[in-house]
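Numbering (the working numbering), first residue to last: 69 to 144. Note that CB positions come from ideal geometry on N, CA and C, so glycine has one too. Please read these numbers as outputs of a predicted model, since none were measured by experiment.
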């Protein structure tokens with residue numbers, strides 16, 4: 069019998085590097101406080117290696133601005 073492991077997703081963290089993603093939409097959802105437009109609304113994602121996002125996390129949490137720009141994290 070196969071066992072499945074639940075993946076815990078923190079929508080406030082980037083699924084690529086684990087750093088805070090600073091998503092205004094997630095902050096508003098969590099706090100109920102209106103937020104200004106999110107940084108991602110004006111971001112260019114053309115350099116983001118989106119295929120590196122683990123399959124289970126796709127569409128579940130926003131990537132951070134550094135990963136969206138395709139800039140490697142200090143831990144890489």
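Simplified DSSP state of residue 144, which is helix, strand or coil: Position 76 of the chain shown holds residue 144. For residue 144, the predicted structure reports a pLDDT of 49, less than 50, and the residue's modelled location is therefore unreliable. A value from the coordinates is still provided. In this structure, DSSP gives residue 144 a state outside helix and strand, which the three-state scheme calls coil.
Local Cβ density within 10 Å of residue 81, reported as buried at 16 or more and exposed below that: Working through the chain shown from its first residue, we reach residue 81 at position 13. Its Cβ being crowded by 16 or more others within 10 Å, residue 81 is buried.
Host alpha helix (DSSP H) of residue 136 (start-end): Mapped onto the chain shown, residue 136 falls at position 68. Element bounds for residue 136: 133-136.
Which of helix, strand or coil DSSP assigns to residue 126: Taking the chain shown and counting its residues from 1, one reaches residue 126 at position 58. Coil, per DSSP.
Per-residue DSSP class, three states only, for residue 90: In the chain shown, counting from the first residue as 1, residue 90 sits at position 22. Correct three-state label for residue 90: coil.
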